[in-house]
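Colleague: These protein sequence lines are chains Z and R, in that order. When we follow our numbering, the leftmost residue of the first sequence carries the number 1022, and every step to the right adds one. When we follow our numbering, the leftmost residue of the second sequence carries the number 1313, and every step to the right adds one. Quick one: the structure is below, and I'll ask about it shortly.
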Amino acid sequence: SAVISQKPSRDICQRGTSLTIQCQVDSQVTMMFWYRQQPGQSLTLIATANQGSEATYESGFVIDKFPISRPNLTFSTLTVSNMSPEDSSIYLCSVGLSKGQEQYFGPGTRLTVT
Amino acid sequence: EDQVTQSPEALRLQEGESSSLNCSYTVSGLRGLFWYRQDPGKGPEFLFTLYSAGEEKEKERLKATLTKKESFLHITAPKPEDSATYLCAALASGTYKYIFGTGTRLKVLA
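Listed below in structure tokens is the structure:
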């Protein structure tokens, strides 16, 4: 398994601003993912964070809105840009120790946009 | 289209009242079926992986089973601390992306 931490754990932001969420893993991992979980909903994959190359975004998510960095095999950031109240969600990072295996999730970042 | 459906959406049990949660999947070439537990305000916690029909996994009061169309999470003699949302996810062949169900919210009353 892996131990994953996220910062911040929660934040309240004003519309039009941006927030960067950090995800730190205690060991080197191949796969890192970013999810969004809207209130009362299940998890939606935003993108796969690729080390050394651009992230792979899912349909409905674009780099200008959700830029992602992954400078090494233990760390990634997700920025939520130009926020609106519709961006209020829990944002989760997860890691897969190898393709096809279980993913382990961080504790999440609860974002409220006013 | 690949899809995962969980039922019921919510379930209330008395302590000690056993029951089962259902996860139906339509996935091209299932590579794995995963069960998670999620407590309010926390990230999902991994419980089980099932790879082929007929496989079973157990952990304390939980047992997960898999057929070619669905998976069950059986909860035997539940306790209030088993209250949580239980999520299942499927992984199709040729991809690394999970398809999540919408979850079952379980409440166990003392």
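Beta carbons are placed, not taken as given, at the ideal position from N, Cα and C, and that holds for glycine. None of these values were measured; they are calculated from a predicted model.
Cβ closer than 9 Å: which chain R residues qualify as neighbours of E1075/Z?
Modeller: Ordered by position in chain R, no residue passes the 9 Å Cβ test against E1075/Z, which lies about 17 Å from the chain.
Colleague: What residues in the region 1123-1135 of chain Z have a beta carbon less than 8 Å from any beta carbon of chain R?
Modeller: Of all residues in the region 1123-1135 of chain Z, E1123, Q1124, Y1125, F1126, G1127, P1128, G1129, R1131 have a Cβ within less than 8 Å of some Cβ in chain R.
Colleague: Is the separation between the beta-carbon of R1349/R and that of L1359/R shorter than 8 Å?
Modeller: The answer is yes: Cβ separation under 8 Å.
Colleague: Apart from the five residues on each side of it in sequence, which residues of its chain come closer than 8 Å, Cβ to Cβ, to K1086/Z?
Modeller: The residues are V1101, S1102, N1103.
Colleague: Would you identify the three-state DSSP class for P1392/R, choosing helix, strand or coil?
Modeller: DSSP places P1392/R in helix when its eight states are reduced to three.
Colleague: Compare the Cα-Cα distances from F1355/R to each of T1135/Z, V1134/Z, V1116/Z, N1071/Z and report the closest residue.
Modeller: Checking the sequence, you will find Gly at residue 1355/R rather than Phe. Selected option, being the one with the closest Cα: V1116/Z.
Colleague: Can a CB atom of chain Z be found closer than 8 Å to the CB of T1379/R?
Modeller: For T1379/R, the answer is no, since every Cβ of chain Z falls outside 8 Å of its Cβ.
Colleague: Indicate whether the contact test is met: 3 or more Cβ pairs, each with one atom in the region 1375-1389 of chain R and one in the region 1326-1339 of chain R, closer than 8 Å.
Modeller: The region 1375-1389 of chain R is in contact with the region 1326-1339 of chain R.
Colleague: DSSP three-state label for P1106/Z, please.
Modeller: In this structure, P1106/Z counts as helix in the three-state DSSP scheme.
Colleague: Which residue from I1033/Z, Q1049/Z, C1034/Z, W1055/Z puts its Cα closest to that of F1126/Z?
Modeller: Nearest C-alpha to F1126/Z: W1055/Z.
Colleague: Going straight from the alpha carbon of A1258/R to that of F1346/R, what length do you get?
Modeller: The displayed coordinates of chain R run from 1313 to 1422. Any statement about residue 1258/R would go beyond what the structure contains.
Colleague: Run the CB neighbour count on A1068/Z, radius 10 Å, all protein chains shown included, and call it buried at 16 or more, exposed below.
Modeller: Label assigned to A1068/Z: buried.
Colleague: Can you give me the Cβ contacts of V1024/Z inside the same chain, cut-off strictly under 6 Å, excluding the 5 residues immediately before and after it?
Modeller: Here the set comprises D1047.
Colleague: Do T1388/R and A1322/R count as a contact pair if the criterion is CB distance below 8 Å?
Modeller: No, the pair does not count as a contact, with Cβ atoms beyond the cut-off.
Colleague: Which residues of chain Z have a Cβ atom closer than 7 Å to the Cβ of T1338/R, listed in chain order?
Modeller: Ordered by position in chain Z, no residue passes the 7 Å Cβ test against T1338/R, which lies about 16 Å from the chain.
Colleague: Can you list, in chain order, the residues of its chain whose CB lies under 7 Å from that of T1317/R, leaving out five sequence neighbours each side?
Modeller: S1336, G1413, listed in sequence order.
Colleague: Counting only C-beta atoms, is S1105/Z closer than 8 Å to chain R at any point?
Modeller: No, because no Cβ of chain R sits closer than 8 Å to the Cβ of S1105/Z.
Colleague: When the Cα atoms are used, what is the spatial distance from E1329/R to D1351/R?
Modeller: One C-alpha to the other measures close to 21 Å.
Colleague: According to DSSP, is K1381/R helix, strand or coil?
Modeller: Coil, per DSSP.
Colleague: Is it right to say Q1035/Z is buried, meaning 16 or more other beta carbons lie within 10 angstroms of its own, or is it exposed?
Modeller: Q1035/Z comes out exposed.
Colleague: If you measure beta-carbon to beta-carbon, which residues of the region 1395-1421 of chain R are closer than 7 Å to chain Z?
Modeller: If the cut-off is 7 Å between Cβ atoms, the region 1395-1421 of chain R has L1399, L1403, Y1408, K1409, Y1410, F1412, G1413, T1414, G1415 near chain Z.
Colleague: Compile a chain-ordered list of the residues in the region 1352-1374 of chain R whose CB is closer than 8 Å to at least one CB of chain Z.
Modeller: Cβ contacts with chain Z come from G1353, K1354, G1355, P1356, E1357, F1358, T1361.
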